[in-house]
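Report on the following structure.
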Amino acid sequence: MDSRWAMIRFFSLFCFSAIFLSIRQTNALYLPLPSPPLRNSPPEVWNPMSLLRRDVYSPPIVSPHEGDRWIMGSLVNVTWDTSNLPNQITNPMGQLFLGNLSQSSEHLHIDPPLASNFDIRAGRVEVQVPNDFPCGHDCILVLLGDSGNRSQKFTIEPAQENVASDATIEDLESLLEPIL
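As structure tokens, then:
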């Protein structure tokens, strides 16, 4: 019984590895497509050579880069690589979600999305950094369209106030003198 389970585990790992490598190298998933049965034909035997490119598309996010800093309220461009774009995409309309990466979760803020209803084939979308998002160094983006893809970590910082921090009381009094 142990050798049977070992063989099942080996086969499962082999299949998982083949699928993972296929997706990693091409950003597309290859799945078997059965051909229509012919009359009086023997049952079809699965053939790995019958794998065809499917239209699942998961483009890698190019920007923001690891260590980039976004300022709340600013307009920024999010870009992704469209060089391996399949000929046909089931769902070309994308959504972009902002999240905080932790050891246990991506903590995506899905309501509302950062951007939605844009064409993922365009390779970019301009967004405004929300003012109510928690600041931090472990921010990520997740691009969804046909499939999901996560960005590198970046930082969101609060917008700087326009008040000079080095001003003294005397400086402020001198500014107010003409009014008083």
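Residues -28 to -1, 1 to 152 in mature numbering (1 follows the signal peptide of the UniProt record, and there is no 0) are what the sequence shown spells out, letter by letter. Beta carbons are placed, not taken as given, at the ideal position from N, Cα and C, and that holds for glycine. No experiment lies behind these values; they were computed from the predicted model shown.
Annotation: SER76 to HIS109 spans about 16 Å, alpha carbon to alpha carbon. Just measuring C-alpha positions, the residue of THR54, SER46, MET44, LEU47 sitting nearest VAL34 is THR54. For GLY108, the uninterrupted beta strand (DSSP E) segment begins and ends at 108 to 116.
Contact between the segment 79 to 88 and the segment 38 to 48 is absent: fewer than 3 CB-CB pairs across the two stretches fall below 8 Å. The alpha-carbon separation between PHE126 and LEU73 amounts to approximately 10 Å. In the three-state scheme derived from DSSP, where H, G and I count as helix and E and B as strand, ALA94 is classed as helix. With a cutoff of 8 Å on beta-carbon distance, ASN121 and PRO58 are scored as not near each other.
It is roughly 10 Å from the alpha-carbon of GLY39 to the alpha-carbon of ILE128. Going by C-alpha positions, SER123 is about 19 Å away from ASN89.
Straight-line measurement puts the Cα of PHE69 at about 14 Å from the Cα of PRO106.
LEU115 is not a Cβ neighbour of VAL99, given a cutoff of 8 Å. In this structure, the CA atom of MET65 is about 23 Å from the CA atom of CYS111.
Nearest to ILE92 by alpha-carbon distance, out of TRP52, ASP104, VAL101, is TRP52.
Here GLU78 carries a coil assignment [DSSP, helix/strand/coil]. Using a Cβ distance threshold of 8 Å, TYR29 and GLY117 count as a contacting pair. Per DSSP, reduced to three states, the secondary structure at GLY39 is coil, with no helix or strand assignment. In this structure, the CA atom of GLY71 is about 12 Å from the CA atom of PRO102.
Counting of Cβ neighbours within 10 angstroms places GLN60 among the exposed residues, the total staying below 16.
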